[in-house]
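**Student:** Residue numbers for the sequence shown follow the numbering used here, beginning at 2 and rising by one.
Cβ atoms here follow ideal geometry from the backbone N, Cα and C, with glycine treated the same way.
Given the structure is predicted, the values throughout are model-derived calculations rather than measurements.
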Amino acid sequence: MQESNYDKFKRDALVRFLTYDQDALIRRLGLEADEEYIYITFCQKQYRLHRGQPLMEIKHPCSWLEADSNAVLTICDLLCHTPDPIRLSGNYTSLESLNRVKGGTTSTQLGDGFFGKGVKLFDGACEDLAAACRSLGGVPMGKGDVAFRIPLFGNIALQLSFYESDDEFPAQLTVFLDSDICNYLFFETLWYMVGMVLETITEKMLEKDI
Numbered sequence: 002m003q004e005s006n007y008d009k010f011k012r013d014a015l016v017r018f019l020t021y022d023q024d025a026l027i028r029r030l031g032l033e034a035d036e037e038y039i040y041i042t043f044c045q046k047q048y049r050l051h052r053g054q055p056l057m058e059i060k061h062p063c064s065w066l067e068a069d070s071n072a073v074l075t076i077c078d079l080l081c082h083t084p085d086p087i088r089l090s091g092n093y094t095s096l097e098s099l100n101r102v103k104g105g106t107t108s109t110q111l112g113d114g115f116f117g118k119g120v121k122l123f124d125g126a127c128e129d130l131a132a133a134c135r136s137l138g139g140v141p142m143g144k145g146d147v148a149f150r151i152p153l154f155g156n157i158a159l160q161l162s163f164y165e166s167d168d169e170f171p172a173q174l175t176v177f178l179d180s181d182i183c184n185y186l187f188f189e190t191l192w193y194m195v196g197m198v199l200e201t202i203t204e205k206m207l208e209k210d211i
């Protein structure tokens, strides 16, 4: 079977991670580790990176399973992007604004193409969306029918603002990140990270006990 681009990016990220000074990463970010694995909690999910093989796994109730591309690319970039401690501005800006500054993904992709699935699920389900955000440690913040700031890792957080559709306007989802986030994650990685968070919120909304 031919390897997809996402699979290649995932493998390359894991191979690159193995070239870094793991003990320095553990000390810098205060991570738990043993002889075989480094452990990371991101958006309330537990992951482990193998210290000698290109492998990252996510913890499920009864086992560890291979992590998907969004998680691998986000976490490997976060660990390897910079040796500096994470110092953020505390000022949040929309992903659209970061896009304009960085000249990355087009505004068309920022709309229905990227957020469309989430917008459809969230519209008419504000109570479930708010419950899912709270289950991830989210704190009500900002403007919208549902607006939360959700902790991801250390002092890195994502702010979500959602407005339901009405007779005049379609549903709208906006994501905000710290204005200095690109000092710690490549701009392109932000898309993987946001996708990872939206997938987690969706999973929570589909659970019966959120």
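Measure how close the beta-carbons of His51 and Glu37 come, nearest whole angstrom, since I'm counting them as under 8 Å.
**Tutor:** Going by Cβ atoms, the distance from His51 to Glu37 rounds to 7 Å, so yes, they are a contact pair.
**Student:** Kindly indicate which three-state DSSP category Ile27 falls into: helix, strand or coil?
**Tutor:** It is helical.
**Student:** Give the straight-line distance between the Cα atoms of Pro152 and Cys44, rounded to the nearest whole angstrom.
**Tutor:** Going by the C-alpha atoms only, they are around 6 Å apart.
**Student:** Taking the DSSP output, what are the residues bridged to Ile182?
**Tutor:** Partner(s): none; Ile182 has no beta bridge.
**Student:** Select from Thr190, Cys134 and Cys183 the residue whose C-alpha is nearest the C-alpha of Leu207.
**Tutor:** Closest by alpha carbon: Cys134.
**Student:** Taking the alpha-carbon of Asp124 as reference, which of Gly139, Pro55, Asn92 and Leu174 has the nearest alpha-carbon?
**Tutor:** If we check each option's Cα against that of Asp124, Leu174 comes out closest.
**Student:** Suppose you measure from the CA of Lys11 to the CA of Phe188; what does that come to, to the nearest Å?
**Tutor:** In a straight line, the C-alpha of Lys11 is about 16 Å away from that of Phe188.
**Student:** Taking Cys127 and Glu165 to be in contact with their CB atoms under 8 Å, please state how far apart those CB atoms are, rounded to whole angstroms.
**Tutor:** That pair is a contact at about 6 Å.
**Student:** Alpha carbon to alpha carbon, how far is Leu74 from Leu137?
**Tutor:** Cα-Cα distance, rounded: 21 Å.
**Student:** When the Cα atoms are used, what is the spatial distance from Arg28 to Ile76?
**Tutor:** Straight-line Cα distance between these residues: approximately 16 Å.
**Student:** In or out: Gly196 buried (at least 16 other Cβ within 10 Å) or exposed?
**Tutor:** With 16 or more Cβ atoms within 10 Å of its Cβ, Gly196 is classed as buried.
**Student:** Is Ser225 buried or exposed, if buried means 16 or more other CB atoms sit within 10 Å of its CB?
**Tutor:** A query on residue 225 cannot be resolved here, the shown segment of the chain reaching from 2 to 211 and no further.
**Student:** Cα-Cα, which of Ala148, Leu178 and Lys60 is closest to Leu99?
**Tutor:** When each option's Cα is compared against that of Leu99, the closest is Leu178.
**Student:** Per DSSP, Val147 forms a beta bridge with which residues?
**Tutor:** Phe163.
**Student:** On a CA-only basis, which of Gly143, Asp13 and Thr42 is nearest Ile157? Give me that one, please.
**Tutor:** Of Gly143, Asp13 and Thr42, the residue nearest in Cα terms is Thr42.
**Student:** By the three-class DSSP mapping on this structure, what secondary structure does Phe154 have?
**Tutor:** Here Phe154 sits in strand by DSSP.
**Student:** If you run the structure through DSSP and keep just helix, strand and coil, what is Glu189?
**Tutor:** In the structure shown, Glu189 sits in a helix (DSSP, three-state: H, G or I).
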